[in-house]
Structures are given as structure tokens and as C-alpha cells.
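Visitor: Structure provided below as C-alpha cells; questions to follow.
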Amino acid sequence: GNSVTQMEGPVTLSEEAFLTINCTYTATGYPSLFWYVQYPGEGLQLLLKATKADDKGSNKGFEATYRKETTSFHLEKGSVQVSDSAVYFCALKISFGNEKLTFGTGTRLTIIP
Amino acid sequence: EAGVTQFPSHSVIEKGQTVTLRCDPISGHDNLYWYRRVMGKEIKFLLHFVKESKQDESGMPNNRFLAERTGGTYSTLKVQPAELEDSGVYFCASSLPGPKGSPLHFGNGTRLTVT
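From first to last, the protein sequence lines are chains A and B. Quick note on my numbering: the first sequence kicks off at 232 and runs consecutively. Quick note on my numbering: the second sequence kicks off at 415 and runs consecutively.
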């Protein structure tokens, strides 16, 4: 079956620190990969995605590269801000036309000034 | 454009009671999904509607859960009778129709607590 394993939190960093949240996956087929973010009091939002090997998704200073050889999609940001405090979910999807996502457990990130 | 709206935002009920969650998708979004996150674990797929039809309900945990989408607009998810393990956050999401899929728009979720 399909599964996503992501770095357990919570993660606490100081402002301007470098961020890495690890994500690895197992999939029957060739998945598309996603990072979703949930800010306090809000719903899930798509942060970035990659649909094929070696693609790099990027948004708001965050990046993640689809690594087929290591089945990974680690999220990185060079300099985090307090406003990045949120819960981050790694996810995958197999089929076209069906947004049935398989999520990881989520990583709570807190950035302190 | 209004986003996906879920109601209520919070619900606290006793074991054995019934609760109905509602989701209003974005207008024109034929696809409607229900997901839930239990006890800080992963977000799990429950089911998928295309208009009023259930396309995939493989994630529904048991027959205490009933989802409907009459008329292909808003959807309800009823839990009857509720059990303690049903506590969690229930998310609804919607997307445009089309064979290649489109980005999911999530609601803010309903936090259900069963005591």
C-alpha cells in the first residue's frame, strides 16, 4: 500500500534558522508529492508539489525535491520566520482525476523570535 | 470567491449520541472529499463524491458513518452512534471536475470531541 513517513515533531527553531522536515514515502505506482501547511485556526493549504522525479517544488521560500532513488521529498527553508509556525503535512497521490491523498502524521513547527 | 465552509467548527458530544457535520464546497466544485485526523495522527481519507455520487468510500471506518450529498451541493457526514475513538478533526475539501484533477481546497475542519 501507500504510506508517508515524516519527521516527528514538534520542532522548535529560532527565527532565521535553517529548516529541514524529512519525508519519505512508499507507493505502488508513480506518485505526485505534496507539502500542505495548516496555520493556526485555518484549513490545510497546498504549499508546494512535484509530479515527477527530480522536480523541485517551491513556494514562500520553501523547497522540496522529488528524489525517486531515496523515495524522499524533504522540505527545506533557508531562513524561517515566526509566521512559518504551523503544522506541515507531507502527502502523496497516485491517480489522476482523484485527489485521494495519503498523508503523513504532520510536523508542528514553532519559530521563536 | 468563498472557500470551503465547514460547520460546526467544534462539537462536543457524549458517547452514543449523534452528530452531523456539514460541508459547503466551493461553487462549481463537483469533487468533494472528507478526511479526518484522529489523535494527532495522519490525516486519513474517508470518501469522495463526484456531484451527488459516491465515487470512493473505501476510507469510511464502519457503518456508524453516513455521508450524503443530496443535489450535489453541500455534504453531510453523520456519526451515529458516536464512539470515543471518533474524536478528531474532520476536514472537507473540494476541487474542480476534470480528468487530470485540480488542487484541493480544504475547509478549516470540524473538531469533534466524544466524551
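Glycine included, C-beta positions come from ideal geometry on N, C-alpha and C.
Which value, in whole angstroms, describes the spacing of the CA atoms of residue 508 of chain B and residue 245 of chain A?
Guide: Rounded to whole angstroms, residue 508 of chain B to residue 245 of chain A spans 36 Å at the Cα level.
Visitor: Return the chain-ordered ranges of every beta strand (DSSP E) run that is complete within the segment 234–298 of chain A and spans a minimum of 3 residues.
Guide: 234–237, 242–245, 250–252, 254–257, 263–269, 275–281, 287–290, 293–296
Visitor: Three or more C-beta pairs under 8 Å: does that hold for the segment 232–239 of chain A against the segment 321–341 of chain A?
Guide: yes
Visitor: Taking C-beta to C-beta, are residue 526 of chain B and residue 423 of chain B nearer than 8 Å?
Guide: no
Visitor: Would you be able to state if there are at least three C-beta pairs under 8 Å between the segment 291–309 of chain A and the segment 477–486 of chain B?
Guide: no
Visitor: Sorted by chain position, which residues of the same chain lie with C-beta nearer than 7 Å to residue 235 of chain A's C-beta, five sequence neighbours on each side aside?
Guide: If we look at residue 235 of chain A and ignore the five residues flanking it on each side, its Cβ neighbours are 254, 256, 321, 322, 323, 333, 334, 335.
Visitor: If you measure between the beta carbons of residue 511 of chain B and residue 445 of chain B, is that distance less than 8 Å?
Guide: yes
Visitor: Hey, does residue 462 of chain B have any beta-carbon neighbour from chain A nearer than 8 Å?
Guide: yes
Visitor: Please classify residue 279 of chain A as buried or exposed, where buried requires at least 16 neighbouring CB atoms within 10 angstroms.
Guide: buried
Visitor: Under 8 Å, do residue 371 of chain B and residue 274 of chain A count as touching if we go by C-beta distance?
Guide: No answer is possible for residue 371 of chain B: the residues shown for chain B start at 415 and end at 529.
Visitor: Just verifying my parser: in three-state terms, what is the DSSP assignment at residue 423 of chain B?
Guide: coil
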